[in-house]
Amino acid sequence: MKMLDKPCCGLRGTARRRWRALLVLLASALLLGGTARAAESGRYIELLSGAGHADGTGWQASPDGVGGWIPAYAPYPNPTTMPNPRLNSLGVHGDLMWYWPGPGTPGAGSPPTAAHFRYMLDIPPGGLSQLIALVAADDEMTLKVNGTVIGSYRLGDHQQPNTQPIVVPMDLTPALHEGSNEILIDALDTGSYHWVFFDPYNIFAPPTQVLGPTFAGAASLIGDRDDFHGGDAVDSAPKSTHVQDILAVFAASTGEGPGIDMDVAATNAPVGMTHSFTLPAGAIVTSAGVVARVKMTGDNVGNDIIYYNDSTATVNGPSSNVVALFDLLGTEPQFGQTYLLNLNLAKLPLRASNPGATVFGPPDSVLSLLPMLQAQQHLDLVFADDTMVDFSELTVTYTMPGMPAGDLNGDGAVDSADVDIILTGLNTAASGASDPRDLDHDGRITILDVRKLVAGCSKPRCAR
């Protein structure tokens with residue numbers, strides 16, 4: 011046990027269906043390629059890497075990033091990167107693209123060996139939603155949005171044993187805004203072949219609706235889901251003043267080290283980050299969750315904990331209001347093991363203080379953080395202090411005043427997705443008198459609210 015005590019984390023056996031589609035997508039999106047393209051009603055998904063247009067729309071390419079912009083060439087030939095028709099169920103994915111001024115058809119190694127790509131994305135008022143891109147390149151690329159570096163990719167760091175590329179997700183959302191946005195990719199070939207791959211998705215939408223969320227939500231991805239590969243720009247997480255203060259306490263405590271980046275093995279060293287998101291005026295948060303991939307790397311992992319917005323820490327002293335990994339996993343975490351942590355923020359188990367060297371017994375309380383998230387619109391997380399973090403992803407759903415009773419995700423329908431939202435907060439106190447989950451207005455979220463919602467479903471059997 012370190013000088014700063016650590017609590018246990020977690021919920022056990024809670025159904026989290028809303029994560030399944032994302033996890034399946036990321037698990038299957040390992041091999042690149044393919045030339046299939048798809049359209050949706052009213053919007054063609056041109057954000058997918060592919061051939062640009064002569065009128066300057068779509069992806070444009072340049073040899074120097076300054077001038078000479080022409081439509082990107084796609085599908086660019088490559089003899090080693092194989093198509094993956096299972097990238098998603100609809101076959102919607104990008105083409106390999108590169109700069110090619112002609113004439114004729116390029117080969118996989120045709121010059122130039124450096125290329126720059128630009129996409130001008132117009133987001134209408136109210137159309138901004140979470141946007142993540144699965145990216146890869148042969149051999150290197152840097153992604154920028156409105157001048158902000160989102161992340162970098164090097165093929166040599168992201169390959170399967172059979173040398174096929176591994177796509178890396180990068181979150182564009184923090185740098186986007188309503189109106190005109192410039193997406194830039196600077197790419198470099200250091201080997202025989204060259205190409206760039208860019209496949210955007212929205213956690214709240216099917217593959218054919220990248221920019222239009224199917225329900226009201228906000229999300230924040232920190233890290234890059236690269237299986238603990240260090241040294242990437244996104245491994246340095248944003249941190250609030252509160253997070254920095256907790257890290258400073260660790261640095262000043264006996265036997266503890268200063269805060270470290272993500273994808274760095276942790277031994278007596280905390281990893282801190284702050285998820286930020288924006289809600290429209292009047293929005294009412296109805297559910298929230300965090301998925302984080304961690305590896306236990308330190309010398310005393312069994313009592314590791316997570317700090318959040320309302321946690322406190324003191325130098326060489328106890329901490330308060332913490333989440334114990336033990337509570338999240340239902341068992342003591344083990345050295346060398348990798349876990350996918352699920353934090354249900356509508357029903358989070360808390361320890362009033364550090365549990366000591368050994369965690370035992372149930373948590374001291376179970377608390378909903380939904381009112382806090384609605385008021386503060388950010389989530390602080392500090393993993394302490396033998397926990398290596400690959401990525402952390404926060405998802406928040408909300409509804410708006412005036413929506414039908416029982417429509418908890420703002421999609422205009424009452425269906426099984428809304429049932430799932432109530433179930434995540436079952437047997438907890440309502441957030442207040444206006445909590446839309448509390449359909450019977452008794453101050454609690456119970457099975458009676460589920461029954462009342464089901465009775466008002468838009469379709470038979472609450473079908474979506």
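For the sequence shown, the residue numbers in my numbering are 11 to 474. For glycine and all other residues, C-beta sits at the position ideal for the given N, C-alpha and C.
Contact check, aspartate 181 vs glycine 308, beta carbons under 8 Å: Position 171 of the sequence shown, counted from the start, is the residue given in the question as residue 181. Position 298 of the sequence shown, counted from the start, is the residue given in the question as residue 308. Taking 8 Å as the Cβ cut-off, aspartate 181 and glycine 308 do not qualify as a contacting pair.
DSSP-derived helix/strand/coil call for threonine 296: Numbered from its first residue, the sequence shown carries residue 296 at position 286. Correct three-state label for threonine 296: strand.
Proximity of aspartate 428 and leucine 418 at Cβ, strictly below 8 Å: Walking along the sequence shown from the start, residue 428 turns up at place 418. Walking along the sequence shown from the start, residue 418 turns up at place 408. Contact: yes.
Coarse secondary structure for arginine 461, derived from DSSP in three states: In the sequence shown, counting from the first residue as 1, residue 461 sits at position 451. Helix.
4 or more residues per run - each alpha helix (DSSP H) lying fully within the stretch 326–382: 335–339
Boundaries (first-last residue) of the alpha helix (DSSP H) holding isoleucine 133: What you label residue 133 is simply residue 123 of the sequence shown in a count that begins at 1. Isoleucine 133 -> not in any alpha helix (DSSP H); beta strand (DSSP E) instead, spanning 124–133.
Of the listed residues Val399, Ser441, Asp149 and Val155, nearest to threonine 91 (C-alpha basis): Here residue 91 corresponds to residue number 81 of the sequence shown, with the count starting at 1. Out of Val399, Ser441, Asp149 and Val155, Asp149 has the C-alpha closest to the C-alpha of threonine 91.
Burial state of tyrosine 82, where buried means 16 or more other Cβ atoms lie within 10 Å: Walking along the sequence shown from the start, residue 82 turns up at place 72. Looking at the sequence shown, residue 82 is not tyrosine but alanine. Counting Cβ neighbours within 10 Å, alanine 82 comes out buried, since at least 16 surround it.
Boundaries of the alpha helix (DSSP H) in which serine 426 is found, first to last residue: Within the sequence shown, residue 426 is the residue found at index 416, counting from 1. Where serine 426 is concerned, the enclosing alpha helix (DSSP H) stretches over 426–434.
Minimum length 4: unbroken alpha helix (DSSP H) runs contained in the stretch 241–324: 251–262
Stretch-stretch touch, CB-based, cutoff 8 Å, three pairs: the stretch 277–286 with the stretch 234–254: yes
Rounded separation between arginine 303 and aspartate 236 - CA only: The residue given as residue 303 occupies position 293 in the sequence shown. The residue given as residue 236 occupies position 226 in the sequence shown. Straight-line Cα distance between these residues: approximately 10 Å.
Min CB distance glycine 161 to chain B below 8 Å: Here chain B cannot be found, since the structure has a single protein chain.
Residues that phenylalanine 393 bridges to, as DSSP identifies them: Reading the sequence shown from its first residue, position 383 is the one you call residue 393. DSSP lists Val281 and Ile316 as partners of phenylalanine 393.
Glycine 137 (DSSP reduced to helix, strand or coil): Sequence index remark: in the sequence shown, residue 137 carries index 127 (1-based). In this structure, glycine 137 counts as coil in the three-state DSSP scheme.
Inter-residue spacing [alpha-carbon to alpha-carbon] between leucine 377 and glutamate 342: Here residue 377 refers to the residue found at position 367 when the sequence shown is read from its first residue. Here residue 342 refers to the residue found at position 332 when the sequence shown is read from its first residue. Going from the Cα of leucine 377 to the Cα of glutamate 342 covers about 21 Å.
Whether alanine 258 touches glycine 267 by CB criterion (8 Å): Taking the first residue of the sequence shown as position 1, residue 258 is located at position 248. Taking the first residue of the sequence shown as position 1, residue 267 is located at position 257. It is not a contact, given that the beta carbons lie outside the stated cut-off.
Beta strand (DSSP E) segment containing serine 230, residue limits: Position 220 of the sequence shown, counted from the first residue, corresponds to residue 230. Start and end: 227–233.
Other residues of its chain near isoleucine 432: CB distance less than 8 Å, five sequence neighbours each side excluded: Against the sequence shown, residue 432 aligns to sequence position 422. Correct list, in chain order: Leu418, Arg447, Ile455, Asp459, Val460 and Leu463.
Close beta carbons around methionine 413, own chain, < 8 Å, minus the five adjacent residues each side: Along the sequence shown, one-based indexing puts residue 413 at 403. Excluding sequence neighbours, methionine 413 sits near Gly420, Gly422 and Pro446.
Sheet register partners of threonine 158 (DSSP bridge): Numbered from 1 along the sequence shown, position 148 holds the residue referred to as residue 158. Bridge partners of threonine 158: Val155.
Best match in Gly136, Val424 and Ile232 for proximity to arginine 471 [C-alpha to C-alpha]: In the sequence shown, the residue the question calls residue 471 occupies position 461. Out of Gly136, Val424 and Ile232, Val424 has the C-alpha closest to the C-alpha of arginine 471.
For isoleucine 195, the nearest candidate out of Cys467, Pro73 and Pro328 (CA to CA): Here the question's residue 195 lines up with position 185 in the sequence shown. Closest option to isoleucine 195, Cα to Cα, is Pro73.
Residue nearest to isoleucine 256 in terms of C-alpha spacing, selected from Gly233, Ala197, Ser330 and Leu289: On the sequence shown, position 246 is the one that residue 256 refers to. Cα-wise, what sits closest to isoleucine 256 is Ser330.
Extent of the continuous beta strand (DSSP E) run through methionine 107: Here the question's residue 107 lines up with position 97 in the sequence shown. That residue, methionine 107, is in no beta strand (DSSP E); it is neither H nor E in DSSP.
Span of the beta strand (DSSP E), counted from its first residue to its last, around glutamate 192: As a first step, residue 192 is located in the sequence shown; it is residue number 182 there, counting from the start. Where glutamate 192 is concerned, the enclosing beta strand (DSSP E) stretches over 189–198.
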